[in-house]
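What follows is one structure encoded as structure tokens, with my remarks underneath.
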Amino acid sequence: MPKLIELWGMNIRTDVEAKKLHATDREMTTPLFLLQCVQLGISIRDLDLLTIGMVNDMFVESRNDEYKGWRQVATQEDFDRF
Numbered sequence: 052m053p054k055l056i057e058l059w060g061m062n063i064r065t066d067v068e069a070k071k072l073h074a075t076d077r078e079m080t081t082p083l084f085l086l087q088c089v090q091l092g093i094s095i096r097d098l099d100l101l102t103i104g105m106v107n108d109m110f111v112e113s114r115n116d117e118y119k120g121w122r123q124v125a126t127q128e129d130f131d132r133f
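For the sequence shown, the numbering used here assigns the number 52 to the initial residue and increments by one for each residue that follows.
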């Protein structure tokens, strides 16, 4: 079992490293945040209903949709077996 956990950890590390295509250490500024909102189609009025964290999560998810390196997309059967 420890070997399996070690191999699984190595796989996760590899996937994460492969997804990091550019540095993410950019400082979050108000203009950058508003740019992300515009890119997501979020209006100023919509911002009353959302937190900064929710907007950031939405932005990350939208960028994940563009990632083409997924090996397999899980089906309902996969989730049922899980």
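Each residue gets a CB set at the ideal place from its N, CA and C atoms; glycine is no exception.
Rounded straight-line distance, which links the Cα of residue j to that of residue i
i	j	result
residue 119	residue 110	17 Å
residue 82	residue 106	14 Å
residue 124	residue 93	28 Å
residue 117	residue 89	17 Å
residue 95	residue 132	43 Å
residue 115	residue 97	22 Å
Residue i and residue j closer than 8 Å at C-beta
i	j	result
residue 91	residue 113	yes
Sequence-distant residues of the same chain with beta carbon closer than 6 Å to residue i, five excluded per side
i	result
residue 121	none
residue 79	none
Same chain, Cβ closer than 8 Å to residue i, five either side skipped, listed in chain order
i	result
residue 77	83
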